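Chemist: Just dropping this structure here.
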Amino acid sequence: MDLDQPPPVLGQRLHRRLREISGVADPYRAEKNRLNRMAMGVVSRIEARMRMAQNTLTTAVQLAIAGNVIDLGASASITREDVLRSVDQALAEPLTGDQDRFRQAVGSARQILYLADNAGEIVFDRLLIEALSPDRVTLAVRGAPVINDATMADAQAAGIHRICSVIDNGSDAPGTLLDDCSRVFRQRFMEADLIIAKGQGNFETLSESPYPVFFLFKVKCPVIGAHAGLPVGTHVLARSRAAP
């Protein structure tokens with residue numbers, strides 16, 4: 001195993017082996033179902049705050065990032081109280097990143113590709129997709145189960161398939177390794193005017209991408225914090241080098 005590879009590559013190999021040993025295709029399925037139900041309960045409480053927001057897009061971004069706390073790769077146990085605290089923190093603190101550039105990119109984009117991260121979190125992603133005008137958005141989920149990353153079943157549980165196009169990326173990596181993804185996904189990726197990538201795994205695999213990517217995530221470890229130049233706990237809206 002090459003330890004110089006980014007963590008999502010190592011994670012892909014590790015979790016493939018765990019599935020082989022256990023004989024269970026989706027070891028986290030029951031927990032993902034629980035997280036989806038929990039997130040839907042939380043979101044039903046905060047939708048009123050969305051409607052009252054002065055800037056709906058900014059609030060939707062903050063809430064989408066708040067949902068990134070639902071990550072079994074970073075925490076073995078996630079409670080409803082953890083999620084509510086993350087929501088309160090995200091709405092109370094200023095958003096770190098270039099919001100003006102993001103708004104401009106959203107305003108001019110004709111095709112938006114939205115890369116999901118985790119089950120549960122994907123319920124919060126629906127709020128942002130609705131704010132983006134869903135008819136120009138394609139949501140991409142993982143092509144096969146890995147940790148609690150969102151798959152097609154989770155997108156359907158969140159009801160996102162009813163508001164926008166949903167595809168899978170053909171890969172079981174906990175990030176976006178383009179060479180490992182399907183031809184259909186790669187074509188959508190290259191054709192998109194704007195790519196919104198959720199979570200640290202997508203940041204680790206796409207931060208040097210020559211494509212127009214904006215990253216939304218919560219810094220959960222010192223290594224990512226050092227790479228992003230931000231302390232652990234920060235809610236981040238970051239750009240790739242090629243982002244508009």
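The numbering of the sequence shown is full-length UniProt numbering, which starts it at 1 and goes up by one.
Note that the Cβ used here is the ideal one computed from N, Cα and C, for glycine as well.
Computed from a predicted model, the values in this text were never measured in an experiment.
#1: CA-CA distance, LEU113 and VAL137?
#2: Find the nearest neighbour of GLN111 within the set ASP135, THR96, ARG126 and ALA131, judged by alpha-carbon distance.
#3: Leaving out the 5 sequence neighbours to the left and right, which residues in its chain are closer than 6 Å to ALA60 when beta-carbon positions are compared?
#4: May I ask you to list the residues that DSSP assigns as paired with ALA118?
#5: What does the alpha-carbon distance come out to for the pair ALA66 and LEU91?
#6: What is the rounded straight-line gap between the Cα of LEU72 and the Cα of ASN118?
#7: In the structure shown, what three-state DSSP assignment does GLY229 receive?
#8: Going straight from the alpha carbon of ALA53 to that of GLU93, what length do you get?
#9: Taking the C-alpha atoms as reference points, what is the distance between ALA155 and PRO231?
#10: By the 10 Å Cβ neighbour count, where 16 or more other Cβ atoms means buried, how is THR79 classified, buried or exposed?
#11: Assign GLU208 to buried or exposed, taking buried as 16 or more other Cβ atoms, counted over all protein chains shown, within 10 Å of its Cβ.
#12: Tell me the start and end of each unbroken beta strand (DSSP E) in the segment 176 to 241 that is at least 3 residues and wholly inside, in chain order.
#13: Go ahead and pull the three-state DSSP assignment for THR79.
#14: Since ILE167 sits in a beta bridge, which residues does DSSP pair it with?
#15: For CYS164, count neighbouring Cβ atoms within 10 angstroms of its own Cβ and tell me buried if that reaches 16, exposed if not.
#16: So, are the CB atoms of HIS235 and LYS220 less than 8 Å apart?
#17: Quick check on this structure: which residue in GLY41, PRO27, VAL223 and ARG101 has the alpha carbon closest to the alpha carbon of GLU121?
#18: Nearest CA to the CA of SER240: which residue from ALA197, VAL223, SER77 and ILE224?
Modeler: The relevant details are as follows:
#1: Here the question's residue 113 lines up with position 113 in the sequence shown. Here the question's residue 137 lines up with position 137 in the sequence shown. So the alpha carbons of these two residues sit roughly 6 Å apart.
#2: In the sequence shown, residue 111 corresponds to position 111, counting from 1. Looking at the Cα atoms, ASP135 is the closest of the given residues.
#3: On the sequence shown, residue 60 is found 60 positions in, with the first residue counted as 1. Contacts found: LEU127, LEU128 and ALA131.
#4: The residue given as residue 118 occupies position 118 in the sequence shown. This sequence places Asn at residue 118; Ala is not what is there. Beta-bridge pairing links ASN118 to ASP149.
#5: Translated into positions along the sequence shown, residue 66 becomes position 66. Translated into positions along the sequence shown, residue 91 becomes position 91. ALA66 and LEU91: Cα-Cα distance of roughly 9 Å.
#6: Numbered from 1 along the sequence shown, position 72 holds the residue referred to as residue 72. Numbered from 1 along the sequence shown, position 118 holds the residue referred to as residue 118. Each residue's alpha carbon lies about 9 Å from the other.
#7: Sequence index remark: in the sequence shown, residue 229 carries index 229 (1-based). In the structure shown, GLY229 sits in coil (DSSP, three-state: anything other than H, G, I, E or B).
#8: Mapped onto the sequence shown, residue 53 falls at position 53. Mapped onto the sequence shown, residue 93 falls at position 93. Near 15 Å, if we compare the C-alpha coordinates of GLU93 and ALA53.
#9: Sequence index remark: in the sequence shown, residue 155 carries index 155 (1-based). Sequence index remark: in the sequence shown, residue 231 carries index 231 (1-based). The alpha-carbon atoms of ALA155 and PRO231 are separated by roughly 31 Å.
#10: Here residue 79 refers to the residue found at position 79 when the sequence shown is read from its first residue. By the neighbour-count rule (16 or more Cβ atoms within 10 Å), THR79 is not buried but exposed.
#11: As a working note, residue 208 is residue 208 in the sequence shown. By the 10 Å Cβ count, GLU208 comes out exposed.
#12: 194 to 198, 213 to 218 and 235 to 239
#13: Looking up residue 79 in the sequence shown gives position 79. In this structure, THR79 counts as coil in the three-state DSSP scheme.
#14: If you number the sequence shown from 1, residue 167 lands on position 167. DSSP output for ILE167 lists ALA140 as bridge partner(s).
#15: Taking the sequence shown and counting its residues from 1, one reaches residue 164 at position 164. Burial call: buried.
#16: Indexing the sequence shown from 1 puts residue 235 at position 235. Indexing the sequence shown from 1 puts residue 220 at position 220. It is not a contact, given that the beta carbons lie outside the stated cut-off.
#17: Locating residue 121 in the sequence shown gives position 121, counting from the first residue. Closest by alpha carbon: GLY41.
#18: The residue labelled residue 240 in the question sits at position 240 within the sequence shown. That would be ALA197, whose Cα lies nearest to the Cα of SER240.
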